[in-house]
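Undergrad: Mind the numbering: the sequence shown is residues 1 to 280 in the numbering used here, read in order.
Before anything else, here's the structure in question.
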Amino acid sequence: MLELPEVEVLRKDLEKEVVGKKVKDVTVATAALVTSFHGKRPEFVKALTGRKIEAVRRRGRVLFVDLDDQHTWVIDPGEQGFLHRETATESPGADTHLAVSFTVGGAVHLTEPGEVTARTGVVPNERALEAAEVAPDALDPLDDNPTWMEFGRFLQAADQPLKLLLLDPAVIAGIGPVYSDEILWEAGLRHDRQSSSLSTQEVRRLYRAMQEVLQAAMKAAGPSLDDSDGGDAVDDDGEAAEHLHVFGREGLPCHRCRKPIARTRVKKGVYTFHCPQCMI
1 MLELPEVEVL RKDLEKEVVG KKVKDVTVAT AALVTSFHGK RPEFVKALTG RKIEAVRRRG
61 RVLFVDLDDQ HTWVIDPGEQ GFLHRETATE SPGADTHLAV SFTVGGAVHL TEPGEVTART
121 GVVPNERALE AAEVAPDALD PLDDNPTWME FGRFLQAADQ PLKLLLLDPA VIAGIGPVYS
181 DEILWEAGLR HDRQSSSLST QEVRRLYRAM QEVLQAAMKA AGPSLDDSDG GDAVDDDGEA
241 AEHLHVFGRE GLPCHRCRKP IARTRVKKGV YTFHCPQCMI
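So this is what it looks like as structure tokens:
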């Protein structure tokens, strides 16, 4: 799953690629891609074709492409969806579910292997967050940029175990299993610590860790429209990506204390990679 850092890099790349361009053709190969927003493919195609793209925004893991008619093209990449830059004449591949070409050349393809979990649609601007199912009050660590003191008050009010707080899209937008573990390791805090129990020093450590981990992940992601593997949690051999310290490294030595990394079940379907020795 793409998380907030990779989607922000994708937003920046997409902004450079499509802002100011007019949509020429839209091909929807998989109807399920648009059913969450428009019941039928023709409605989506009609809503997007001929529109000029004015801006590309992001909230959490969802992209919002502003059009010139007070509507927004919403792109939720889902579990494994990704956008790729292509030529206007490139034929869609087997895993390509949406192809959008532009009048001045070039195209963007949305691909996802296996079951389609990505979603897209065109909605009025004022309905964009609701249609994307993005909590309007959730903290976006990159967009909102609170002070560490504001972040501390936020943690007190949330009062959840740290791992679950970082994963809760109603509380924090865009962080998933990979970077929640990485943030906690960087801060030296256990997954089951209650957010309201942190000392002032621990709040500052967690605040700093969140910023540093997300920025490092954005750097590791590379040019996303050209290379979808830049932010993957594992490489082609199934090993943990070089920029990760705990996620996917069960049994390997901690980069801080050299003790083995553990994988622990937090609740049904939720696991965390952590160091039992140096995370307190």
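In this text, a Cβ means the ideal position worked out from N, Cα and C, and glycines have one as well.
In this text, all values refer to a predicted model and were calculated from it rather than measured experimentally.
Just to confirm before moving on: does the CB-CB distance between Tyr179 and Ala220 stay below 9 Å?
TA: By 1-based counting over the sequence shown, the position of residue 179 is 179. By 1-based counting over the sequence shown, the position of residue 220 is 220. Result no, Cβ atoms of Tyr179 and Ala220 do not sit closer than 9 Å.
Undergrad: Thinking just about the alpha-carbon of each residue, which of Arg153, Leu166, Glu17, Arg256 is nearest to the one in Val203?
TA: For this step, residue 203 is matched to residue 203 along the sequence shown. With distances taken between Cα atoms, Val203 lies closest to Arg153.
Undergrad: If you run the structure through DSSP and keep just helix, strand and coil, what is Lys46?
TA: Stepping through the sequence shown from its first residue, residue 46 is reached at position 46. Here DSSP, grouped into helix, strand and coil, assigns Lys46 to helix.
Undergrad: Please specify which runs of the alpha helix (DSSP H), each continuous and at least 4 residues long, are wholly inside the region 146 to 218, giving them in chain order.
TA: 148 to 158, 162 to 167, 177 to 187
Undergrad: Taking only heavy atoms of the ligand GTP into account, decide whether any of them is closer than 8 Å to the Cβ of Val178.
TA: For the structure depicted, the ligand GTP is absent and the ligand set is empty, with no information on it obtainable.
Undergrad: Can you tell which of Cys254, Val100, Gly176, Pro5 has the C-alpha that lies nearest to the C-alpha of Thr120?
TA: As a first step, residue 120 is located in the sequence shown; it is residue number 120 there, counting from the start. Per the Cα distances, Val100.
Undergrad: Where DSSP assigns a beta bridge to Glu250, which residues make up the other side?
TA: Position 250 of the sequence shown, counted from the start, is the residue given in the question as residue 250. Answer is none; Glu250 lacks a bridge partner.
Undergrad: What beta strand (DSSP E) runs, 3 residues minimum, are completely inside the region 48 to 83?
TA: 53 to 59, 62 to 67, 71 to 76
Undergrad: For Cys278, which residues from the same chain have a beta carbon less than 8 Å from its beta carbon, with the 5 sequence-adjacent residues on both sides left out?
TA: Counting from one through the sequence shown, the residue named residue 278 turns up at place 278. Closer than 8 Å at the Cβ level, and outside the excluded window around Cys278, lie Gly188, Cys254, Arg256, Cys257, Lys259.
Undergrad: Rank Thr30, Gly248, Arg57, Lys163 by C-alpha distance to the C-alpha of Val7 and give the top, closest one.
TA: Within the sequence shown, residue 7 is the residue found at index 7, counting from 1. Looking at the Cα atoms, Arg57 is the closest of the given residues.
Undergrad: Please say whether Asp68 and Glu54 have beta carbons closer to each other than 9 Å?
TA: What you label residue 54 is simply residue 54 of the sequence shown in a count that begins at 1. What you label residue 68 is simply residue 68 of the sequence shown in a count that begins at 1. A distance below 9 Å separates the beta carbons of Glu54 and Asp68.
Undergrad: Alpha carbon to alpha carbon, what distance is there between Ser199 and Val9?
TA: Looking up residue 9 in the sequence shown gives position 9. Looking up residue 199 in the sequence shown gives position 199. Their backbone Cα atoms lie some 33 Å apart in a straight line.
Undergrad: Need the endpoints of the beta strand (DSSP E) that Val122 sits in, please.
TA: Taking the sequence shown and counting its residues from 1, one reaches residue 122 at position 122. Its beta strand (DSSP E) spans residues 119 to 124.
Undergrad: Could you name the residues that DSSP lists as bridge partners for Pro260?
TA: By one-based count along the sequence shown, residue 260 stands at place 260. Answer by DSSP bridge pairing, in chain order: Pro253.
Undergrad: Is it buried or exposed for Gly269, if we count other Cβ within 10 angstroms and need 16 for buried?
TA: Residue mapping note: residue 269 aligns to position 269 of the sequence shown, counting from 1. Classification for Gly269: exposed.
Undergrad: Given that a residue counts as buried once 16 or more other Cβ atoms are within 10 Å of its Cβ, and exposed if not, what is Ser91?
TA: Stepping through the sequence shown from its first residue, residue 91 is reached at position 91. Under this definition Ser91 is an exposed residue.
Undergrad: Where does the unbroken beta strand (DSSP E) through Asp13 begin, and where does it stop?
TA: Residue 13 sits at position 13 when you count from the first residue of the sequence shown. Asp13: not part of any beta strand (DSSP E); member of the alpha helix (DSSP H) spanning 4 to 18, first to last residue.
Undergrad: Tell me whether the region 71 to 88 and the region 123 to 137 touch, counting them as touching only if at least three CB pairs, one residue from each stretch, are closer than 8 Å.
TA: Touching, per the Cβ criterion.
Undergrad: Check this for me: beta carbons of Ala135 and Val62, under 9 Å apart or not?
TA: To locate residue 135, count along the sequence shown from 1; it is residue 135. To locate residue 62, count along the sequence shown from 1; it is residue 62. Contact: no.
Undergrad: Does the beta-carbon distance from Pro141 to Ile172 come in below 9 Å?
TA: Position 141 of the sequence shown, counted from the start, is the residue given in the question as residue 141. Position 172 of the sequence shown, counted from the start, is the residue given in the question as residue 172. Their beta carbons are under 9 Å apart, which means Pro141 touches Ile172 by this criterion.
Undergrad: Are there 16 or more other CB atoms within 10 angstroms of the CB of Arg265, so buried, or fewer, so exposed?
TA: Residue 265 sits at position 265 when you count from the first residue of the sequence shown. Its Cβ having fewer than 16 others within 10 Å, Arg265 is exposed.
Undergrad: On the premise that Phe102 lies in contact with Lys24, defined as a C-beta separation below 8 Å, what is that separation, rounded to the nearest angstrom?
TA: Taking the first residue of the sequence shown as 1, we reach residue 24 at position 24. Taking the first residue of the sequence shown as 1, we reach residue 102 at position 102. Indeed, because the Cβ distance is near 6 Å, the residues count as touching under 8 Å.
Undergrad: Determine the direct distance from the alpha carbon of Ala29 to that of Lys40, and round the result to whole angstroms.
TA: Working through the sequence shown from its first residue, we reach residue 40 at position 40. Working through the sequence shown from its first residue, we reach residue 29 at position 29. Cα-Cα distance, rounded: 12 Å.
Undergrad: Taking the straight line between their C-alpha atoms, what separation do you get for His97 and Ser197?
TA: In the sequence shown, residue 97 corresponds to position 97, counting from 1. In the sequence shown, residue 197 corresponds to position 197, counting from 1. Spanning the two alpha carbons is a distance of roughly 46 Å.
Undergrad: Under the rule that 16 or more other beta-carbon atoms within 10 Å means buried, what is Ile183, buried or exposed?
TA: To locate residue 183, count along the sequence shown from 1; it is residue 183. Burial call: buried.
Undergrad: Leaving aside the five residues before and after Asp235 along the sequence, list all residues of the same chain whose C-beta is less than 7 Å from its C-beta, in chain order.
TA: To locate residue 235, count along the sequence shown from 1; it is residue 235. In this predicted model, Asp235 has a pLDDT of only 49, less than 50, meaning its place in the structure is not dependable; the value taken from the coordinates is given anyway. Same-chain partners within the cutoff: Ala241.
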